[in-house]
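For the sequence shown, UniProt numbering gives the first residue as 1, with consecutive numbering after it. No residue lacks a Cβ here, since even glycine has one placed at the ideal position from N, Cα and C. In this text, all values refer to a predicted model and were calculated from it rather than measured experimentally.
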Amino acid sequence: MKTEITELLGIEYPVIQGGMAWVAECHLAAAVSNAGGLGLIAAGGAPAEWVREQIRETKKLTDKPFGVNIMLMNPESEKVAKVIVEEGVKVVTTGAGSPEKYMADWKAAGVKVIPVVASVALAKRMERCGADAVVAEGCEAGGHIGELTTMVLVPQVADAVNIPVIAAGGIADGRGMAAAFMLGAKGIQMGTVFAASKESVIHENYKNSILKAKDIDSRVTGRSTGHPIRVLRNDMARKYLELEKSGAPFEELEQLTLGSLRKAVQEGDTKNGSLMAGQIAGMIKEERTCADIISSTVSEAGKLMNGVSANE
Ligand code: TUI
Numbered sequence: 001m002k003t004e005i006t007e008l009l010g011i012e013y014p015v016i017q018g019g020m021a022w023v024a025e026c027h028l029a030a031a032v033s034n035a036g037g038l039g040l041i042a043a044g045g046a047p048a049e050w051v052r053e054q055i056r057e058t059k060k061l062t063d064k065p066f067g068v069n070i071m072l073m074n075p076e077s078e079k080v081a082k083v084i085v086e087e088g089v090k091v092v093t094t095g096a097g098s099p100e101k102y103m104a105d106w107k108a109a110g111v112k113v114i115p116v117v118a119s120v121a122l123a124k125r126m127e128r129c130g131a132d133a134v135v136a137e138g139c140e141a142g143g144h145i146g147e148l149t150t151m152v153l154v155p156q157v158a159d160a161v162n163i164p165v166i167a168a169g170g171i172a173d174g175r176g177m178a179a180a181f182m183l184g185a186k187g188i189q190m191g192t193v194f195a196a197s198k199e200s201v202i203h204e205n206y207k208n209s210i211l212k213a214k215d216i217d218s219r220v221t222g223r224s225t226g227h228p229i230r231v232l233r234n235d236m237a238r239k240y241l242e243l244e245k246s247g248a249p250f251e252e253l254e255q256l257t258l259g260s261l262r263k264a265v266q267e268g269d270t271k272n273g274s275l276m277a278g279q280i281a282g283m284i285k286e287e288r289t290c291a292d293i294i295s296s297t298v299s300e301a302g303k304l305m306n307g308v309s310a311n312e
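Structure (structure tokens):
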């Protein structure tokens, strides 16, 4: 399946993996890249030297293109931005902010830059400062989210910019991929389904929480603090939402989330950990290989899209 995204990135299928903090490490990134998509290492809140090691490990596991995702709220971002150039990473995606101040250095080093955006305004700004593509991520996605759904965000971003748009948020199969293409996307980003894949190294309790989740099990914490985060409901989310409702101070709420994602991913604490996952978790029922996820998604989307053109 050839699109502007496969051409831009030198990959087989226009499928990129979400940059999930602590989840997206070298094994997952390599598995997605080896399956013909674009795997990503997520810098998340980790130190820059951890990112460097992960890049080196990924290079041992795949000879295909892969990228790094930078979470711009991380105080280490500046150092991670340098590591990306030093290690010769080919693609960077960014989240939770604007990467403008790093753009010139990355472009000079030949890095393809794909910011994740949640609004038309940021998408336009990113195009102006030299982004090669954007990921338009709707609020069905897990983790840090914006206000708009994928259904309304993707076509508006596609109309507003001339660079290719990758759709994200709520996609985990060929139906979602075909729908994204109908909205004007040239590629898709999937996160939650890869977090629950065979190659994902997250704690089995976390994986099982995704596999067991129902359609209505998703919650958004932190709307009042300006840092909305989509998670699966558990004791942690319930406590957080109660505190938020009672007007608890920002510091108390931040304290509750601090390190809680790592607790879920690495220790499997599904009660007090932050189980970041998208709303599509309810549709993910089994642990599959990344190759199986990508090939079935692409072939199902291909059939659906052929059906559309045949009917025209
Ligand atoms: O970044 C994400 N998703 C994430 S990052 C993350 S790590 C984290 N851990 C604990 C607390 C907070 C974060 C977990 N999930 N997605 C991309 C994304 N970016 N979604 C929304 C945005 C966004 C929002 C506002 C990007 C830019 C923005 O405004 C920037 C500006 O300057 O206008």
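As assigned by DSSP and simplified to three states, the class of residue i
i           : result
Pro65       : coil
Glu137      : strand
Gly282      : helix
Met182      : helix
Leu258      : coil
Met190      : strand
Met276      : strand
Leu148      : coil
Gly143      : strand
Ala42       : strand
Ala172      : coil
Ile293      : helix
Ala167      : strand
Asn311      : In this prediction, Asn311 has a pLDDT of 46, which is less than 50 and means its spatial position is unreliable; nothing more can be read from the coordinates.
Ala131      : coil
Val161      : coil
Gly302      : helix
Pro155      : helix
residue 314 : This structure does not reach residue 314, given that the chain is present from 1 up to 312, and the question cannot be answered.
Ala248      : coil
Met177      : helix
Arg288      : coil
Ala264      : helix
Ala48       : helix
Ile35       : Before going further, note that residue 35 is Ala rather than Ile in the sequence given. Ala35: coil per DSSP, three-state reduction.
Residues near residue i in its chain [Cβ-Cβ closer than 6 Å; skip 5 each side]
i      : result
Gly18  : Gln189, Gly191
Tyr102 : Ala81
7 Å Cβ shell around residue i - same chain, five flanking residues per side excluded
i      : result
Gly307 : none
Asn311 : The predicted model places Asn311 with a pLDDT of 46, which falls under 50 and marks its position as unreliable, so this point remains unresolved.
Ile163 : Glu127, Ala131, Asp132, Ala133, Val134
Pro65  : Leu9, Gly10, Ile11, Ser33, Leu38, Lys90, Val91
Ala160 : Val120, Ala123, Lys124
Lys79  : Ala48
Leu304 : Gly174, Arg175, Ala178
Ala96  : Met71, Leu72, Met73, His144
Ile5   : Pro14, Ala133, Pro164, Ile166, Lys186, Gly187
Pick from the options that is closest to residue i, judged by C-alpha positions
i      : options                       : result
Leu112 : Asp132, Gly97, Ser119, Ala121 : Note that residue 112 corresponds to Lys in the displayed sequence, not to Leu. Comparing Cα-Cα distances from Lys112 to each of Asp132, Gly97, Ser119, Ala121, the minimum goes to Asp132.
Thr94  : Gly247, Val83, Met71          : Met71
Gly259 : Glu244, Lys245, Met276        : Met276
Asp292 : Asn272, Ser197, Thr62, Val116 : Ser197
Glu199 : Pro14, Lys2, Ala31            : Ala31
Gly176 : Pro99, Ile280, Leu211         : Ile280
Val298 : His227, Ser274, Ala172        : Ala172
Ser98  : Val83, Ile114, Val85, Ala108  : Ile114
Lys2   : Gly36, Leu211, Glu251         : Gly36
Ser218 : Val23, Gly282, Ile84          : Gly282
Arg238 : Asn272, Gln266, Lys263        : Asn272
Arg288 : Val117, Ser246, Val193        : Val193
Same chain only: Cβ atoms within 8 Å of residue i, ignoring 5 sequence neighbours per side
i      : result
Val154 : Ala136, Gly138, Val165, Ala167, Ala180, Leu183, Gly184, Ala185
Gly268 : His203, Glu204, Asn205, Tyr206
Glu87  : Arg52, Ile55, Arg56
Ala158 : Ala136, Val165, Leu183, Gly184, Ala185
Tyr240 : Thr221, Gly222, Leu253, Leu256, Thr257
Ile294 : Tyr13, Val15, Val32, Ala35, Gly36, Gly37
Leu85  : Note that residue 85 is Val in the sequence shown here, rather than Leu. Answer for Val85: Asp105, Trp106, Ala109, Val111, listed in chain order.
Val300 : The question names Val, but residue 300 in the sequence shown is Glu. Around Glu300: Asp173, Gly174, Arg175, Met177, Ala178.
Quiz item: Touch check for the stretch 50-65 and the stretch 21-41: three-plus C-beta pairs under 8 Å?
Solution: At 8 Å Cβ cutoff, the stretches touch.
Quiz item: What residue ranges within the stretch 56-125 form continuous alpha helix (DSSP H) runs of no fewer than 4 residues, ordered along the chain?
Solution: Runs found: 77-86, 100-108.
Quiz prompt | Any 3 or more C-beta pairs closer than 8 Å across the stretch 142-154 and the stretch 230-238 | solution = Yes, they touch.
Quiz item: Whole beta strand (DSSP E) runs in the stretch 3-28 with 3 or more residues, listed along the chain?
Solution: You should have 15-17.
Self-check item: Ranges of the alpha helix (DSSP H) found wholly within the stretch 185-238, counting only runs of at least 4
Solution: Listed in chain order, the complete alpha helix (DSSP H) runs (minimum 4 residues) inside the stretch 185-238 are 192-195, 204-212.
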